[in-house]
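S.K.: Take a look at this one; I'll ask things after.
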Amino acid sequence: MISPLQSPTTMQSAQSTLRQSQNFPANYGDFRFISSDGVIFNFPRFLLSHVSPVFKDKLERRNKNTSPESELRVTEDSFTLDQFLRFFDPNKKKLPLDMETMVRLLEAAGKYRVEQVFEYWEENMNIRHPQQVGSIQQPMLCLALGSRFERQLATRLALRDLVKAPTDVIQQSTWIQVDGRMMSHLMLLRRDRVERMLLRLQEFQTGLNAECGKKHQDILKSIFTMLAQLVDEPSWSTLLRNQNLWGTCDCGSGKFVLGSKELFFSWREGIMTEEAELPRLPGYFKGGKSPTAPQSCGNN
């Protein structure tokens, strides 16, 4: 049936502008995709049904008067569709992807429920190995995408890194907006982490002998500098950069007569445990599939 907005001439013109994909030619499969920019991709029907429950339903749906669909026009452009179909086909090599293309693939994966695309992204972002404390790549972008597509593990790992990251990492532009509720949740997590750090400093400060002399007075002044740094980056790394402040008390009095440096390093295990933990998710977050993590991974 011809649309009222399409004359036969217009339809013939549209057909004549179509071109065939070189990577997925006419004899490659029994189903045709037509990309938004007019490229035809032929692909095996059985592979589409095997990988995507959406395609399985679409291709197998029939009634008394219809046969299974053999062609589908999609909103993805030809470059994105080419990369997307490689996740269905074991004979096609996946190509290196920039982040902008990866985001378009994730959009398609969400629409057609293709788990392999999400797994590929998680592998390449160091997301699928939470037992390793090493940082993931681009944590703010990871947070935006993880929360957008309800990827539970990706979101929690991004939060883990951002809780202790310098403020300028959080302020980086990601060209994909992070949900405001998720940003509020991140602020609460950082506030809790900062408060734990400040309690440790307070523990040190209360152990100083106020009458010990200039050395302790200088340390007390330096603590305020450290406070500002911990608000910006509440991490063990911040404390470690200031370890020159932690000397040995030789006044013969005070709680930490054995040396403040011993106290300083006694915090390490607790802080490292906190930094390795996966933060809780906000109450509104539904959360998607959380993959089982392999035993090890590499850092970026």
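Counting from -18, one number per residue, gives the positions in the sequence shown under this note's numbering.
Glycine included, each C-beta is placed from N, C-alpha and C at the ideal position.
Bear in mind the structure is a predicted one, so any value in this text is a computation, not a measurement.
May I have the straight-line CA-CA distance separating residue 124 from residue 130, to the nearest angstrom?
M.R.: If I take the Cα positions, the gap works out to 10 Å.
S.K.: Should the stretch 139 to 150 be regarded as contacting the stretch 211 to 226, the criterion being three or more beta carbon pairs within less than 8 Å?
M.R.: Enough Cβ pairs lie closer than 8 Å, so yes.
S.K.: From which residue to which residue does the alpha helix (DSSP H) around residue 84 run?
M.R.: Run containing residue 84: 80 to 93, per the alpha helix (DSSP H) assignment.
S.K.: Leaving out the 5 sequence neighbours to the left and right, which residues in its chain are closer than 7 Å to residue 62 when beta-carbon positions are compared?
M.R.: These residues qualify, in order along the chain: 14, 16, 22 and 55.
S.K.: Just to confirm, is the Cβ distance from residue 140 to residue 170 under 8 Å?
M.R.: In contact: residue 140 and residue 170 (Cβ atoms closer than 8 Å).
S.K.: Is the beta carbon of residue 207 less than 8 Å from the beta carbon of residue 180?
M.R.: Contact flag unset, no.
S.K.: Identify every residue that forms a DSSP beta bridge with residue 23.
M.R.: Residue 23 is bridged to 13.
S.K.: Just to check my reading of the structure: residue 293 and residue 99 have Cβ atoms closer than 8 Å, yes? What is that Cβ distance to the nearest angstrom?
M.R.: The requested residue 293 is not part of the displayed model; the chain covers only -18 to 281.
S.K.: Does the beta-carbon of residue -2 have 16 or more other beta-carbons within 10 angstroms, so that it is buried, or is it exposed?
M.R.: It is exposed - the Cβ of residue -2 has fewer than 16 other Cβ atoms within 10 Å.
S.K.: Tell me where the beta strand (DSSP E) around residue 129 begins and ends.
M.R.: Counting along the chain, residue 129 falls outside any beta strand (DSSP E), though it belongs to the alpha helix (DSSP H) covering 120 to 129.
S.K.: Any idea what DSSP makes of residue 52, helix, strand or coil?
M.R.: Residue 52: strand per DSSP, three-state reduction.
S.K.: Taking buried to mean at least 16 other C-beta atoms within 10 Å of its own C-beta, is residue 89 buried or exposed?
M.R.: With 16 or more Cβ atoms within 10 Å of its Cβ, residue 89 is classed as buried.
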